[in-house]
Amino acid sequence: GAVVSQHPSRVICKSGTSVKIECRSLDFQATTMFWYRQFPKQSLMLMATSNEGSKATYEQGVEKDKFLINHASLTLSTLTVTSAHPEDSSFYICSARNLAGAGETQYFGPGTRLLVL
Amino acid sequence: AQSVTQLGSHVSVSEGALVLLRCNYSSSVPPYLFWYVQYPNQGLQLLLKYTTGATLVKGINGFEAEFKKSETSFHLTKPSAHMSDAAEYFCAVRGSGGSNYKLTFGKGTLLTVNP
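Chains as they are written, first to last, in the numbering used here: chain A, 250 to 366; chain B, 44 to 158.
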């Protein structure tokens, strides 16, 4: 149980294009999903908290117009990197909080490797 | 506010030896504490967590951790390292209660296991 998937797992795009990453909770409902960014050999940096049916809450320093988040259902959140540039290349990881139970645990997706040329 | 310090960015042990990964935290409220493991190019997998109750928690793959409030620590141990334990380990904290579910991560400790 508590499986989170991400799609795609890897994506290469040209500078200036937009890329959408999907995060799905496969066997549970998640009112809250989180998007992280991880640079090589570094820890995870929280970008934003995504709540189903409402606007995402972005961390300080994260451009909300560049990283668009949509949480349209209890099992799906999407992150769109708009007008991507090489500095946006990174490993993006989502996590989901299980609505059932105490909900104190976040379950992580396998990550999406983005390379912007 | 919470913070996590993982002492030692790299720990190397021999196969069969004790594994000890250190984590100290600070939190203005009673904490929930987590250890996650990350294999190369993968997401994070929950090893174990402490919320309330017993301070010694057991997780998957033979790992365990003990919450010591007086020392603000949550060190991760395993009696005998296996080659498959080689990975990056992250300690994380969040405040208990309320509606703030954000995790604060440490910088990670890379565990290498030598044959």
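Idealized CB from N, CA, C, for every residue including glycine. From a predicted model like this one, the values you see are computed outputs, not experimental measurements.
Beta-carbon contacts of residue i that lie in its chain and below 7 Å, excluding the five residues immediately before and after
i: B:Ser70; result: Gln45, Val136 and Gly138
i: A:Thr354; result: Asn347
Best match in the options for proximity to residue i [C-alpha to C-alpha]
i: A:Asn300; options: A:Ser292, A:Thr324, A:Val311 and A:Leu293; result: A:Thr324
i: A:Leu364; options: A:Ser322, A:Ala333 and A:His320; result: A:Ala333
i: B:Ala97; options: B:Asn104, B:Phe110 and B:Phe106; result: B:Phe110
Simplified DSSP state of residue i, which is helix, strand or coil
i: B:Ser69; result: strand
i: A:Thr271; result: The amino acid occupying residue 271 of chain A in the given sequence is Glu; Thr does not appear at that position. Looking at A:Glu271 - three-state DSSP - the assignment turns out to be strand.
i: B:Asn104; result: helix
i: B:Pro74; result: strand
i: A:Glu336; result: helix
i: B:Ser46; result: strand
Own chain partners of residue i with C-beta closer than 6 Å, once the 5 adjacent residues on each side are dropped
i: B:Lys92; result: Phe77
i: B:Gly51; result: Thr152
Buried or exposed by the 16-neighbour rule on C-beta atoms within 10 Å, applied to residue i
i: B:Asp128; result: buried
i: A:Ser274; result: buried
i: B:His125; result: exposed
i: A:Val252; result: exposed
Beta-bridge pairing of residue i - partner residues as DSSP gives them
i: A:Gln355; result: A:Arg346
i: B:Val54; result: B:Leu154
i: A:Thr327; result: A:Glu271 and A:Asn319
i: B:Glu109; result: B:Leu99 and B:His118
Close-in-space but distant-in-sequence residues of the same chain around residue i (CB under 8 Å, 5 per side omitted)
i: A:Leu293; result: Tyr285, Arg286, Gln287 and Ile342
i: A:Met270; result: Correcting the residue type first, residue 270 of chain A is Ile in the shown sequence and not Met. The residues are Gln255, His256, Pro257, Val260, Thr327, Leu328, Thr329, Val330, Tyr341, Cys343, Thr361 and Leu363.
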